[in-house]
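Contents: one structure, followed by commentary.
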Amino acid sequence: MIDLDDTDRAILQALQRDGGLSAAAVGALVGLSQPAAWRRIKRLEKAGVILGRDIVLDREKLGFDVVVYLGVKLAAKGRVGLEDFERAVCAIPEVQVVQHVLGVYDYRLKVVARDLSDFERILRRRIMTLPGVGDVESNVLLSEG
Amino acid sequence: MRLDDIDRRLLRLLQEDATLSTADLAEQAGLSAGPCWRRIEKMETAGVIKGRRIRLNHKALGLGVEVFLRITLDKTAGNAFDEFLREARKIPEVAGIQTLLGRVDVRMDVRARDLAHYQDIYKTRILALPHLLDIEALMLVSEVKNTERLPI
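Chains A and B are the protein sequences, given in the same order.
Quick note, the first sequence lines up with residues 1 to 145 if you use the numbering used here.
Quick note, the second sequence lines up with residues 1 to 152 if you use the numbering used here.
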C-alpha cells in the first residue's frame with residue numbers, strides 16, 4: 001500500500017468529482033503546477049490506486065431503461081466449477097457486474113436491459129441457462145443515490 | 001437526439017478506452033478529426049456522454065472490506081423510505097444506496113478498512129437506522145467483472 005499525503009487525497013477527491021479533469025485543472029484545484037500534478041497522477045496510476053478512466057454514458061438516453069440486481073445461487077456445488085459459471089456469465093454483454101459473495105447467494109449480478117421484456121429474454125435465454133445456476137432472485141432498480 | 005451507426009461506433013470505442021485522443025478516435029472510426037470532434041461534442045451537449053470517471057482501487061486505499069446489505073423496511077410508517085434514506089446518506093462508509101422493487105426494498109454498499117471496522121459501523125450506525133425490519137449481508141469475496149459498459 002503506498003503512502004498518500006493530503007495532496008494525493010485532494011487530487012483523488014477532485015478526480016472523483018470529475019474524472020475528465022486535465023492535469024492542469026487538477027493542479028489548479030489543489031495548488032500545484034501542471035507538471036507537478038501530472039507527476040502525482042502518474043504515480044497514483046503506477047501504484048494501482050487509480051485503475052483507469054471510463055466514459056460515463058447516459059444509460060436511459062441510450063435506451064436502457066431497466067437495471068436489475070440478481071442474487072444467484074449455484075445448484076450443484078462442486079460438480080460445475082465456479083470458473084465455468086464465471087466465464088459464461090462474464091461473456092453476457094448485458095451483465096455489467098459479477099461479484100462472488102459470501103452469504104445467502106453465491107453471486108451478485110447487475111444486468112442492464114432495454115425494458116422488462118428484454119430483461120425477461122436475457123433472464124430466460126442467457127442467465128437461467130448458465131452452467132450450474134440454481135436459485136435466482138431479481139430486484140428491479142427504482143432509484144439510485 | 002438520434003444516434004446513427006457512426007455515433008454508436010464512437011461510443012463503443014470510448015467505452016473500450018476513454019483516454020483515446022480525438023485524433024486516435026477519428027482514425028479508428030474511419031473519420032477525419034473535425035467531424036469526429038463535432039460528433040463527440042454533440043453527444044456531450046445532448047447529455048448522452050455525461051463525462052469521465054476514474055476507477056479507484058479501494059484495497060490500495062486501505063478499504064479492504066466491502067459488504068452489500070439487503071434491507072427490508074417496515075412500511076407501516078408512511079414515510080419509512082424517506083426517513084431511512086435521509087439517515088443512511090449521512091453514513092460516510094455507505095458508498096451507494098439503491099431502492100429496489102422485489103424481495104428487498106433497499107440495497108447499500110458499505111466499505112470499511114477491515115472486519116472490526118465494519119462491525120463497528122454495523123453496530124453503531126446501520127442498526128441505528130430508522131424503520132429497519134430485516135437485514136441480509138453479502139460479503140464481497142472477489143469481483144469477477146465490473147464495468148459500466150452498455151451493449152450498444
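Positions of the beta carbon are idealized from the N, C-alpha and C atoms, including for glycine.
Exposed unless 16 or more other CB atoms sit within 10 angstroms - verdict on residue i
i, result
"residue 15/A", "buried"
"residue 39/A", "exposed"
"residue 95/B", "exposed"
"residue 105/B", "buried"
"residue 128/A", "exposed"
"residue 29/B", "buried"
"residue 77/B", "exposed"
"residue 2/B", "exposed"
"residue 19/A", "buried"
"residue 46/B", "exposed"
"residue 14/B", "buried"
"residue 112/A", "buried"
"residue 31/A", "exposed"
"residue 96/A", "buried"
"residue 133/B", "exposed"
Closer than 8 Å to chain B by CB, residue i
i, result
"residue 88/A", "no"
"residue 50/A", "yes"
"residue 22/A", "no"
"residue 33/A", "no"
"residue 117/A", "no"
"residue 103/A", "yes"
"residue 98/A", "yes"
"residue 123/A", "no"
"residue 53/A", "yes"
DSSP beta-bridge partners of residue i
i, result
"residue 107/A", "72/A, 100/A"
"residue 52/A", "55/B"
"residue 1/B", "Bridge partners of residue 1/B: none, in fact."
"residue 134/B", "72/B"
"residue 92/A", "Partner(s): none; residue 92/A has no beta bridge."
"residue 98/B", "144/A, 107/B"
"residue 83/B", "According to DSSP, which records beta bridges pairwise, residue 83/B is partnered with nothing at all."
"residue 142/B", "100/A"
"residue 122/A", "Looking at the DSSP assignment, residue 122/A forms no beta bridge with any residue, so it has no partner."
"residue 57/A", "49/B"
"residue 112/B", "65/B"
"residue 138/A", "70/A"
"residue 26/A", "Bridge partners of residue 26/A: none, in fact."
"residue 113/A", "66/A"
7 Å CB neighbourhood of residue i in its chain, flanking five on each side removed
i, result
"residue 98/A", "86, 89, 90, 107, 109"
"residue 8/A", "40, 44"
"residue 83/B", "130, 131"
"residue 33/B", "22, 23, 26"
Residue from the options whose Cα sits closest to the Cα of residue i
i, options, result
"residue 193/B", "70/A, 26/A, 25/A, 58/A", "Because residue 193/B is not part of the residues shown, which for chain B are 1 to 152, the question remains open."
"residue 139/A", "70/B, 152/B, 34/B", "70/B"
"residue 130/A", "83/A, 32/A, 104/A", "83/A"
"residue 100/B", "67/A, 56/A, 20/A, 63/A", "67/A"
"residue 121/B", "146/B, 67/B, 148/B, 151/B", "67/B"
"residue 140/B", "35/B, 50/B, 64/B", "64/B"
"residue 59/B", "47/A, 103/A, 126/A, 92/A", "47/A"
"residue 143/A", "60/A, 2/A, 103/A, 11/A", "60/A"
"residue 19/B", "41/B, 31/B, 43/B, 53/B", "53/B"
"residue 137/B", "151/B, 144/B, 145/B, 111/B", "111/B"
"residue 141/A", "124/A, 119/A, 11/A, 134/A", "119/A"
"residue 41/B", "16/B, 7/B, 89/B", "7/B"
"residue 90/B", "6/A, 2/A, 117/A, 145/A", "145/A"
Neighbourhood of residue i by C-beta, 6 Å cutoff - its chain only, sequence neighbours within 5 removed
i, result
"residue 34/A", "23, 24, 27"
"residue 98/B", "107"
"residue 65/A", "115"
"residue 116/B", "none"
"residue 92/A", "126"
"residue 203/B", "This structure leaves residue 203/B out entirely; chain B is present only between 1 and 152."
"residue 43/B", "49"
Contact with chain A by residue i, beta-carbon distance below 8 Å
i, result
"residue 108/B", "no"
"residue 143/B", "yes"
"residue 78/B", "no"
"residue 151/B", "yes"
"residue 156/B", "Only positions 1 to 152 of chain B appear in the structure, and residue 156/B is not among them; the question remains open."
"residue 6/B", "no"
"residue 72/B", "no"
"residue 12/B", "no"
"residue 124/B", "no"
"residue 45/B", "no"
"residue 104/B", "yes"
"residue 15/B", "yes"
Interface flag, residue i vs chain D, CB-CB below 8 Å
i, result
"residue 84/A", "The structure shown has no chain D; the protein chains it does contain are A and B."
Chain-order list of residues whose beta-carbon lies under 8 Å from that of residue i (same chain, five-residue window excluded)
i, result
"residue 136/A", "70, 71, 72, 73, 123, 127, 128"
"residue 63/A", "114"
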